[in-house]
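In my numbering, the protein residues as written are 6 to 388.
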Amino acid sequence: MPFYKQMGKIPRKRHTVFRKEDGSLYREQVMGTKGFSGIQSILYHHNPPTRMIRSELLKDCRIQYEDQADLAPRHLRSNYYTDLTDAVMGRHYILGNEDVLIGVVNPTKKMDYFYRNGDGDEVLFVHYGSGKVETTFGTLTYKPGDYIVLPIGTIYRVVPDIGESKMLVIETNSWITTPKRYRNPHGQLLEHSPFCERDFHGPERLETYVETKEYEVRTKSRGFLHSHVFGHHPLDVVGWDGYLFPYIFPVEDFEPITGRIHMPPPIHQTFEANNFVICSFVPRMYDYHPEAVPTPYYHSNVDSDEVLYYVKGNFMSRKGIEEGSFTLHPSGIPHGPHPGTIEASIGKKETFELAVMIDTFRPLKVVKQAHPLEDKAYKYSWI
Ligand SMILES: [Fe+2]
Numbered sequence: 006m007p008f009y010k011q012m013g014k015i016p017r018k019r020h021t022v023f024r025k026e027d028g029s030l031y032r033e034q035v036m037g038t039k040g041f042s043g044i045q046s047i048l049y050h051h052n053p054p055t056r057m058i059r060s061e062l063l064k065d066c067r068i069q070y071e072d073q074a075d076l077a078p079r080h081l082r083s084n085y086y087t088d089l090t091d092a093v094m095g096r097h098y099i100l101g102n103e104d105v106l107i108g109v110v111n112p113t114k115k116m117d118y119f120y121r122n123g124d125g126d127e128v129l130f131v132h133y134g135s136g137k138v139e140t141t142f143g144t145l146t147y148k149p150g151d152y153i154v155l156p157i158g159t160i161y162r163v164v165p166d167i168g169e170s171k172m173l174v175i176e177t178n179s180w181i182t183t184p185k186r187y188r189n190p191h192g193q194l195l196e197h198s199p200f201c202e203r204d205f206h207g208p209e210r211l212e213t214y215v216e217t218k219e220y221e222v223r224t225k226s227r228g229f230l231h232s233h234v235f236g237h238h239p240l241d242v243v244g245w246d247g248y249l250f251p252y253i254f255p256v257e258d259f260e261p262i263t264g265r266i267h268m269p270p271p272i273h274q275t276f277e278a279n280n281f282v283i284c285s286f287v288p289r290m291y292d293y294h295p296e297a298v299p300t301p302y303y304h305s306n307v308d309s310d311e312v313l314y315y316v317k318g319n320f321m322s323r324k325g326i327e328e329g330s331f332t333l334h335p336s337g338i339p340h341g342p343h344p345g346t347i348e349a350s351i352g353k354k355e356t357f358e359l360a361v362m363i364d365t366f367r368p369l370k371v372v373k374q375a376h377p378l379e380d381k382a383y384k385y386s387w388i
């Protein structure tokens, strides 16, 4: 995040002697991005974070994409997946490309290992369910509508509360940030931004574990999953400070930007990463020009693919979709509202829809295993 946070105990000066009560040293780790020219944090561990006792290649997790399909709108119903799993191993990937991997998971089980993504930042959008994410930086508590942003290399474990639960999973090969146009040169969010620093929540508490039995950390890197076993608890940090840390942004705190006539998709933008953006369609007032058409016009994604994940409410421009649906409208052909929805929207004052949009600047591919989710009639539903 573009602001500074400190938790737990840290020495007065960085890179100086910092001792435990028994006189031995805490182990300092700098976690830096972009070759130490991006944001970073400094963590103080009980044990060296390098002291693994076993390393093993667990499995190949490279994605199998379908061969080229006809260029057409796609609709995939993720409610097809009902298996109850943990938050990482149970992920079902649906769409992806070289920059982003999109899927869902129904986490009801506590992970019996820790995990880190070694390739890029992750975003978990909580569709429903609650729980906590325990990380090296401390614990975050989540609820429906929360975007949980986990920076690359963060060791974490998701512990869901009892009950049903579903998350939209967005894995990147880069870094998640708020849009640059909403930040001043110092990184502070500007007045016209749909959110401010008060809406972003880092870990609430730092829990430090000093147990010395075996703990597994699974690491995803370069298309493979690896197992690293440590002789100490990986959440052994007594303090940290810096700009790099996991955080939650509740979508309910996204303040929609509205106007007299239809406002374009960038007003919904929430995050950006390399070659894609994440936008939030939230409950909001419709356009207030007396002759306004609230439903969007037909439009061409000349150079981006558009994915919508439908969370809640009636989506004004589309029929036949359900909560948990994904639609993919590829670049190269126009898309727009379903028949009758333009007329139906005229004179409407507000919408209660909630959806997450992911626009990518390189074409997305459908994951082979996601074929059973497909509504094959969708592409002809504008007739
Ligand atoms: Fe669109």
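Every residue gets a Cβ at the ideal spot worked out from N, C-alpha and C, and that includes glycine.
Practice problem: Any chance you could list the residues with Cβ under 7 Å from a heavy atom of ligand 1, keeping chain order? | Solution: Pro270, Pro301, His304, Asn306, Glu311, His334, His340
Quiz item: Taking three-plus beta-carbon pairs below 8 Å as touching, is the segment 301-317 in contact with the segment 333-346?
Solution: Counting Cβ pairs under 8 Å, three or more are found: they touch.
Quiz prompt | Residue from Ser179, Ile167, Asp126 whose Cα sits closest to the Cα of Ile153 | solution = If we check each option's Cα against that of Ile153, Asp126 comes out closest.
Quiz item: What are the residues that DSSP puts in a beta bridge with Ser232?
Solution: Glu61, Arg223
Quiz prompt | Span of the beta strand (DSSP E), counted from its first residue to its last, around Thr346 | solution = For Thr346, there is no enclosing beta strand (DSSP E); the residue is found in the alpha helix (DSSP H) stretching over 346-350.
Quiz item: First and last residue of the beta strand (DSSP E) that includes Cys284?
Solution: Looking at the DSSP string, the run of the beta strand (DSSP E) that includes Cys284 is 281-286.
Quiz item: Over what stretch of residues does the beta strand (DSSP E) that includes Glu311 continue unbroken?
Solution: Run containing Glu311: 310-317, per the beta strand (DSSP E) assignment.
Quiz item: Taking the alpha carbon of Arg227 as the point to measure from, which residue in Lys64, Met57, Met6 has its own alpha carbon closest?
Solution: Lys64
Quiz item: Smallest Cα separation from Gln73: which of Lys373, Ile175, Glu169?
Solution: Lys373
Self-check item: Rounded separation between Leu76 and Pro342 - CA only
Solution: 18 Å
Self-check item: Rounded C-alpha distance that separates Glu257 from Tyr315
Solution: 15 Å
Quiz item: What is the rounded straight-line gap between the Cα of Pro299 and the Cα of Gly345?
Solution: 13 Å
Practice problem: Could you spell out the range, first to last residue, of the beta strand (DSSP E) harbouring Ile253? | Solution: From DSSP, the beta strand (DSSP E) with Ile253 extends over 252-255.
Quiz prompt | Touch test, the segment 210-220 against the segment 166-173, Cβ-Cβ under 8 Å, three pairs minimum | solution = With a cut-off of 8 Å, the segment 166-173 and the segment 210-220 do not count as touching, because too few Cβ pairs lie within range.
Quiz item: Roughly how many angstroms lie between the CA atoms of Val105 and Ala278, to the nearest whole one?
Solution: 9 Å
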